[in-house]
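Q:
Chains as they are written, first to last, in this note's numbering: chain D, 48 to 624; chain F, 48 to 624.
(1) Which residues of the stretch 237 to 267 of chain D have a Cβ closer than 9 Å to any Cβ of chain F? Give them in chain order.
(2) Our contact map puts residue 584 of chain F next to residue 561 of chain F with C-beta atoms below 8 Å; I'd like the distance itself, whole angstroms only.
(3) With 8 Å as the threshold, decide whether the Cβ of residue 532 of chain F is near any Cβ in chain D.
(4) So, does the CB of residue 598 of chain D fall closer than 8 Å to a CB anywhere in chain F?
(5) Which runs of the beta strand (DSSP E), 3 residues or longer, sit entirely within the stretch 359 to 433 of chain F?
(6) Residue 442 of chain F touches chain D at which residues, Cβ-Cβ below 7 Å?
(7) Should residue 118 of chain D be counted as a contact of the ligand ZN given a C-beta to heavy atom distance under 7 Å?
(8) Go ahead and pull the three-state DSSP assignment for residue 455 of chain D.
(9) Provide the residue(s) that pair with residue 585 of chain F in DSSP beta bridges, ordered along the chain.
(10) What would DSSP say about residue 270 of chain F, mapped onto helix, strand or coil?
(11) Please say whether residue 208 of chain F and residue 268 of chain F have beta carbons closer to each other than 8 Å?
(12) Would you call residue 458 of chain F buried or exposed, if buried means 16 or more other Cβ atoms sit within 10 Å of its Cβ?
(13) Considering only the alpha carbon of each residue, which of D:508, D:149, D:183 lies closest to residue 336 of chain D?
(14) Can you pull the chain D neighbours of residue 587 of chain F, defined as C-beta to C-beta under 8 Å?
(15) For residue 73 of chain F, count neighbouring Cβ atoms within 10 angstroms of its own Cβ and tell me buried if that reaches 16, exposed if not.
(16) Could you check which residue in F:280, F:320, F:241, F:455 has the C-alpha nearest to that of residue 189 of chain F?
(17) To which residues of the same chain is residue 604 of chain F closer than 6 Å at the C-beta, ignoring the five residues directly before and after it?
(18) In chain D, which residues lie less than 9 Å from residue 223 of chain F when you measure between Cβ atoms?
(19) When you compare the CB of residue 230 of chain F with every CB in chain D, is at least one pair closer than 8 Å?
(20) For residue 107 of chain D, report the span of its alpha helix (DSSP H) as first-last.
(21) So, is the C-beta of residue 168 of chain F closer than 8 Å to a C-beta in chain D?
(22) When you compare each of D:101, D:78, D:126 to residue 93 of chain D by their alpha carbons, which one comes out closest?
(23) From the DSSP secondary-structure annotation, give me the bridge partner or partners of residue 225 of chain D.
(24) Whose C-alpha, out of F:547, F:206, F:365, is nearest the C-alpha of residue 280 of chain F?
(25) What does residue 131 of chain F touch in chain D if you count any residue whose Cβ is under 9 Å from its own?
(26) Quick check on the DSSP output: what are the complete beta strand (DSSP E) runs of length 3 or more inside the stretch 240 to 317 of chain F, in order along the chain?
(27) In whole angstroms, what separates the C-alpha of residue 406 of chain F from that of residue 131 of chain D?
(28) Would you decide whether residue 429 of chain D is buried or exposed? Buried here means 16 or more other CB atoms lie within 10 Å of its CB.
(29) Buried or exposed: where does residue 124 of chain F fall if 16 or more other Cβ atoms within 10 Å of its Cβ makes it buried?
(30) I'd like the span of the beta strand (DSSP E) that includes residue 132 of chain F, first residue to last.
(31) For residue 601 of chain F, is the classification buried or exposed, using 16 other Cβ atoms within 10 angstroms of its Cβ as the cut-off for buried?
(32) Can you name, in chain order, every residue of its own chain whose Cβ lies under 8 Å from the Cβ of residue 310 of chain D, other than the five neighbours on each side?
(33) Give a yes or no on contact between the stretch 533 to 541 of chain D and the stretch 487 to 496 of chain D, applying the rule of three or more CB pairs nearer than 8 Å.
(34) Along chain D, in chain order, which residues have C-beta atoms closer than 7 Å to that of residue 438 of chain F?
(35) Contact check, residue 558 of chain F vs residue 504 of chain F under 8 Å by CB: the rounded distance?
(36) Return yes when the Cβ of residue 86 of chain D is within less than 8 Å of the Cβ of residue 98 of chain D, no when it is not.
See below:
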């Protein structure tokens, strides 16, 4: 033990010297290399401890950059950072974090295409309360994926038989199927199923979601083959059934309350949640991000590729590939809080309702907000917040500068009035479950030169005050030069482009939700008639678009119209040629 | 709505005036009444909001006392305090807290026997980072108990049939039994079973624990009767089977890193964990605490009545009744951390191992600690901590003032060297699962004038470095004037009094764990021969005790000796008369 200790002490000493030199030899922001902390690629050693020390060093010394040499780095949970986090559209929890960038400024991580492999429930990146942060040049994968993928042996009559490859360890425990890590120490529980087409490598044609929970009757009928009882199960022999996780605990990158963030040249092969979730952030750029499954798998991220909740400034997504994730390519929205109690003329208690939004801190002192009628989704009035007091993850008390308008009542909702400008450029969205992109912003949205091949709607806008409590409405939405290639081969959405107004039980007849939508110079290759569904839109132009029928999928004779508009005005739709 | 608002505003105004008056009319510490915050007993209204406002007021104004009028108060989760807590021998988690006393000094709550009823997973009391705090005069119960109790219809041949009263709502979901609150919104999951004798109202004679998890085949066979498949299940028709929770999320009182605490005249009818858990506290007095089941139930707290982890100063438990809880009446111990890695001559990483100890912050800069051999449990050496850095709930890095001794190796453990003086006086411990009291301290323990009727050992000491990692060893333990009435009618422990040395795979022959034990003037009414089991004791006197046979239970002819001593010296045992 003596010799080892002397060696280690010497190494620590050398590191200190090298670091000192870097720090004192230059006026420009210091560049730190992980090698200085004893971390080299492709060793199989746990990178978490050295990376943590390097990040702590960078934070303490205001270093400008942390650099990785190319190669593989393995991250285990033992020496992770730890932080309790409420994450929008995810489960909250005590996160075990490999890269924590907190209270930092003007800092980037550059990794020359390094492969980061995470072992267990380790959250790869958290950026919190930080400014001008860049991440670039690495891939993220997990040694054990959060989903399990099995080949369908047979499906029908309430029985599903599936064979699982060895990379998805499982056991039958008292007639219940449980997935584990290879050491059978940690469970990887599933909650819903989705069938993928083994040849097309996308959700199977007109497939449905099976939200079946974790409590199915199961029986081992072969070496790695399981028979499950699932009411109304359907599936095609040879296709792949995805057993998706019943949680969203481990998104790859959480960006919280930060600004000026750049994510470039990042590849994501898997996640236990979304790829990137940004909440209460301002100015976020995502360039050349690839979300794609590892060879041999069907699924990449187990939820959305990217997601922006109550963000502001500019959101730019450019030159990306989002494919095979288990939910949308992106979703931009605010969150409504529901009025629980009006306690005095200027004080109310508001509640976060959807369980994946609990704990979100949406409002700050001085914010302007809108009061929204829960029945019509109309903006009733605006108000200015004097003070916000968060009681707990459910309830917040808000005092307003002015009296609360008489028209505002319990169960109405309130939302922010600052929205991000959104640009989605030159990006491919394909082969994932659900929709392409969900967009909600009243500060302008541009979708330009993108390619969509999506089972549901390619572009959808919405908002509701009943279930998701996602704040919606678009202003100045332009979709141009895009290709919508054989979308709607599944059931997620009423038309290729759906401009919706949320679930309003008593909708107003005049448009009040969406304004100034332009859809021009796009190519639609269709699998069904429904091109556009537009509700509560004031001003819509559909022009210069080309529409042909898909030859790759059956054409669904739904009897529906290509264009459906409701409660809208100033609609100009160029006739189809 | 107008009139209501005006009324509420007026009420708030009045309250402010009344409070101002109290605060300005006196030099002595202010006494605050919850009525001043609009809270009156027996209304059924949610007390959580007003209590929170009152506590916030008291904290801000350094008030001396918060007073409740007698009567019933109901606490719902909406307006609770929230705090992530690591709690010794419990599950860590985000606690929803009704009474949070944090960073307070010289403060007490006095409630004149008020009944506090908690709805859902609400943690009643947390005291953190506080000094000179008293709680007195109230009872704690939950509207839905954390355990479910059913009457056994039949048991045997791998089948248990049980009928549950309506106060334990349940459903069979795909052949699995799930307990809920009355609205079926929140699950109350079970993890283990224990049979209670319906007549004696205590664990059934020679019963065993069934750790069966939450995954049993279940079937509804009557209106509220369930048939469960449980291997080797036994039970007597008419007895009560306890379905105990599979978690410890909601202890009644958590005291963390605080000192000079007094708990008086408190009655606990239920809990989702222990009654009182004190960790890293100094000087704690528990007087006239009653832990007992509500009428019609078998079980009180679902874990220990009281528990003291890494406490110091004086622990005084006096004039208490602890009965029918699902674990010991008290447990006093430290926690060992296991050496994970020796990183340099004075730096090591240590790990908390048992899952219910994760996150505990045991050591501080400047602390003296002991290094303990994991094989023999002998203290190898002592060390002084220079600095402690908690990496996460699992791993802590410790730098020592001196070099780590050469004899210390990875997998050895370290423990604190400050211990509390413990006094357990005039207290009744009976009818609970497991042991009476577990005592580990080297600063003196006195058990005087207590009554024990316990299924396992009445008094046990121990400690181990393999599973629980509870730091043990007693010095100056005196047990006198106690009655041990028909103990060991179950299997939990080798003798009525067990002075153990933990699980040491290679025990040393010389005593090194326990010192100076005196057992005098007690009365033993026995159900089996085994009175005393003593291991690794240096100095033990057993004198002036009276031993008779129990007439209430069968006498077990085990063939064992009344006194078993191993690896001990200076043992003086007075012959039995």
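A virtual CB, placed ideally from N, CA and C, is assigned to each residue, including glycine.
A: On the basis of the supplied data:
(1) 260, 262, 263, 264
(2) Sequence index remark: in the second chain, residue 584 of chain F carries index 537 (1-based). Sequence index remark: in the second chain, residue 561 of chain F carries index 514 (1-based). Going by Cβ atoms, the distance from residue 584 of chain F to residue 561 of chain F rounds to 4 Å, so yes, they are a contact pair.
(3) For this step, residue 532 of chain F is matched to residue 485 along the second chain. Closer than 8 Å to the CB of residue 532 of chain F there is not a single CB belonging to chain D.
(4) Taking the first chain and counting its residues from 1, the one referred to as residue 598 of chain D is at position 551. No, residue 598 of chain D does not count as interfacial toward chain F.
(5) 359 to 365, 368 to 370, 377 to 382, 384 to 391, 394 to 398, 415 to 419
(6) Within the second chain, numbered from 1, the residue matching residue 442 of chain F stands at position 395. Correct list: 125, 126.
(7) Ligands displayed in this structure: none; no statement on the ligand ZN is therefore possible.
(8) Looking up residue 455 of chain D in the first chain gives position 408. In the structure shown, residue 455 of chain D sits in coil (DSSP, three-state: anything other than H, G, I, E or B).
(9) For the purposes of this step, residue 585 of chain F is taken as the residue at position 538 of the second chain. According to DSSP, residue 585 of chain F bridges with F:562, F:616.
(10) Position 223 of the second chain, counted from the first residue, corresponds to residue 270 of chain F. DSSP places residue 270 of chain F in coil when its eight states are reduced to three.
(11) Working through the second chain from its first residue, we reach residue 268 of chain F at position 221. Working through the second chain from its first residue, we reach residue 208 of chain F at position 161. Going by C-beta atoms, residue 268 of chain F is nearer than 8 Å to residue 208 of chain F.
(12) Translated into the one-based positions of the second chain, residue 458 of chain F becomes position 411. Under this definition residue 458 of chain F is an exposed residue.
(13) On the first chain, position 289 is the one that residue 336 of chain D refers to. Closest option to residue 336 of chain D, Cα to Cα, is D:183.
(14) Translated into the one-based positions of the second chain, residue 587 of chain F becomes position 540. Within chain D, no residue comes near residue 587 of chain F; the closest Cβ sits about 39 Å away, beyond 8 Å.
(15) One-based indexing of the second chain puts residue 73 of chain F at position 26. With a pLDDT of 49 at residue 73 of chain F, under the threshold of 50, the modelled position of this residue cannot be trusted; read the value that follows with caution. By the neighbour-count rule (16 or more Cβ atoms within 10 Å), residue 73 of chain F is not buried but exposed.
(16) As a first step, residue 189 of chain F is located in the second chain; it is residue number 142 there, counting from the start. Out of F:280, F:320, F:241, F:455, F:320 has the C-alpha closest to the C-alpha of residue 189 of chain F.
(17) The residue given as residue 604 of chain F occupies position 557 in the second chain. Leaving aside the five residues that flank residue 604 of chain F on each side, none in its chain has a CB nearer than 6 Å to its CB.
(18) Numbered from its first residue, the second chain carries residue 223 of chain F at position 176. Under the 9 Å cutoff, chain D gives 223, 262.
(19) By one-based count along the second chain, residue 230 of chain F stands at place 183. Judged by the 8 Å Cβ criterion, residue 230 of chain F is not in contact with chain D.
(20) For the purposes of this step, residue 107 of chain D is identified with residue 60 of the first chain, where counting begins at 1. Unbroken alpha helix (DSSP H) run through residue 107 of chain D: 95 to 108.
(21) For the purposes of this step, residue 168 of chain F is taken as the residue at position 121 of the second chain. Output row for residue 168 of chain F: interface = no.
(22) Residue mapping note: residue 93 of chain D aligns to position 46 of the first chain, counting from 1. Ranking the options by Cα distance to residue 93 of chain D, first place goes to D:126.
(23) Here residue 225 of chain D refers to the residue found at position 178 when the first chain is read from its first residue. Under DSSP, residue 225 of chain D forms a beta bridge with D:218.
(24) Within the second chain, numbered from 1, the residue matching residue 280 of chain F stands at position 233. The shortest C-alpha separation from residue 280 of chain F is found at F:206.
(25) For the purposes of this step, residue 131 of chain F is taken as the residue at position 84 of the second chain. Simply 131, 141.
(26) The stretch 240 to 317 of chain F contains these whole beta strand (DSSP E) runs: 265 to 267, 272 to 276, 287 to 292, 300 to 303, 306 to 315.
(27) Counted from its first residue, the second chain places residue 406 of chain F at position 359. Counted from its first residue, the first chain places residue 131 of chain D at position 84. Distance between the alpha carbons of residue 406 of chain F and residue 131 of chain D is about 13 Å.
(28) Taking the first chain and counting its residues from 1, the one referred to as residue 429 of chain D is at position 382. Residue 429 of chain D comes out exposed.
(29) By 1-based counting over the second chain, the position of residue 124 of chain F is 77. Buried: at least 16 other Cβ atoms inside 10 Å.
(30) Taking the second chain and counting its residues from 1, one reaches residue 132 of chain F at position 85. Residues 128 to 132.
(31) Along the second chain, one-based indexing puts residue 601 of chain F at 554. So residue 601 of chain F counts as exposed.
(32) The count along the first chain starts at 1 and reaches residue 310 of chain D at position 263. So the list reads 181, 182, 183, 300, 323, 331, 332, 333, 334, 336, once near-sequence residues are dropped.
(33) no
(34) Stepping through the second chain from its first residue, residue 438 of chain F is reached at position 391. Per Cβ cutoff of 7 Å: 126.
(35) Counting from 1 along the second chain, the entry for residue 558 of chain F is found at position 511. Counting from 1 along the second chain, the entry for residue 504 of chain F is found at position 457. Contact flag wrong, Cβ pair sits at about 20 Å.
(36) The count along the first chain starts at 1 and reaches residue 98 of chain D at position 51. The count along the first chain starts at 1 and reaches residue 86 of chain D at position 39. Yes, they are a contact pair.
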